Structure formats: structure tokens, C-alpha cells
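K.L.:
FYI, full-length UniProt numbering numbers position 107 of the sequence shown as 107, with every residue one higher than the one before it. In this text, a Cβ means the ideal position worked out from N, Cα and C, and glycines have one as well. Owing to the predicted nature of the structure, the values given are computational and were not obtained by experimental measurement. Below: one structure in C-alpha cells.
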Amino acid sequence: MKVIITGDHAGMTLRNEMKDLLEEMGIEYEDTGCTCETSVDYPDYALPAAERVASGEFDRGIFICGTGIGMSIAANKVNGIRATVVHDIYSAKLTRQHNNTNVITMGERVIGPGLAREIAKIWLETEFEAGRHADRLDKIKNYLG
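Shown next as C-alpha cells:
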């Protein structure tokens, strides 16, 4: 598995936690997030990273901002991305099992580093169940509205 991590100015601490976790898990990653604490625009980080997941260069992405919401909205504009904000372990597991998400977003201003690590670990280790869930994702994929 290969993971891209990105984030804006509000996500630097959790990004570092994610890098530590991925190293502990032996997962290859690249961090493309900002390296400053001054305000930056989250789409400038979310969109290029999401494109790299959608292209297949990376299997999954972990995106961090203040709430996770902006990163999720931006990432979902990229065709082939299924991004979601997750701030609890149960949702992290089900978003993989049922929705086959390829990007998870979290908010550094919402959750602490310990919980963020647990969420990411569960999300990275959980497989997609397919079956009826794949049929539902196909309906979303094929929607032209």
C-alpha cells in the first residue's frame, strides 16, 4: 500500500502523527502538506493529492485540515475519489467496509492525536466488503446528474 498525506496550516500536528503511524506500520507514504503555520488555501493541497490517488499513483490518502470538512469537499470534486470526514473509529471502519473510501479526512481542531492514530490505523487495515456495497457505489459512479 502507498499513501499520500497532505494538509493545510491547521493540520501540521496530526500530519506528523500520521507519518509516525505509517512508518510504524511499514507503509510507504509521501507528505505533500504545507510546511508553514500561516494561513493557506486547503484546495491547493487537497486537489493535487486527490488527483494522485485517483490516478492510481497512491492507493489511499490521509488529508488533514482544521475540521476535515474543507479537505473532504475539495477531494470529492476529483473523479474517482471517495473521501469522507471521520472523527470516530466506528465510522472509519464502515467507511472502508461499505463505501470503499480511498481518502480519509480529519480535523486537527476536532480530535486529538491518539484518536486520529486509532482512526487511521483501523481505516488502513479494513478491507472493502464489496457485494451489495459495490452495487451501491456503482450507482453513484454512474450518476450523470
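Give the secondary structure of V53 by DSSP, where H, G and I count as helix, E and B as strand, and everything else as coil.
P.N.:
Correct three-state label for V53: helix.
K.L.:
Out of curiosity, what's the CA-to-CA distance linking P113 and F128?
P.N.:
Taking the straight line joining both Cα atoms gives about 25 Å.
K.L.:
Do the CB positions of R60 and M106 come within less than 8 Å of each other?
P.N.:
In this structure, M106 does not lie closer than 8 Å to R60 by Cβ.
K.L.:
For the putative contact between Y100 and R82, defined by C-beta atoms under 8 Å, what is the C-beta separation to the nearest angstrom?
P.N.:
Note that residue 100 is Asn in the sequence shown, not Tyr. Confirmed, Cβ separation roughly 6 Å.
K.L.:
Assign M18 to one of three DSSP states: helix, strand, or coil.
P.N.:
Note: M18 maps to helix in three-state DSSP.
K.L.:
With C-beta atoms as the reference, is H9 less than 8 Å away from V40?
P.N.:
Closer than 8 Å, so yes.
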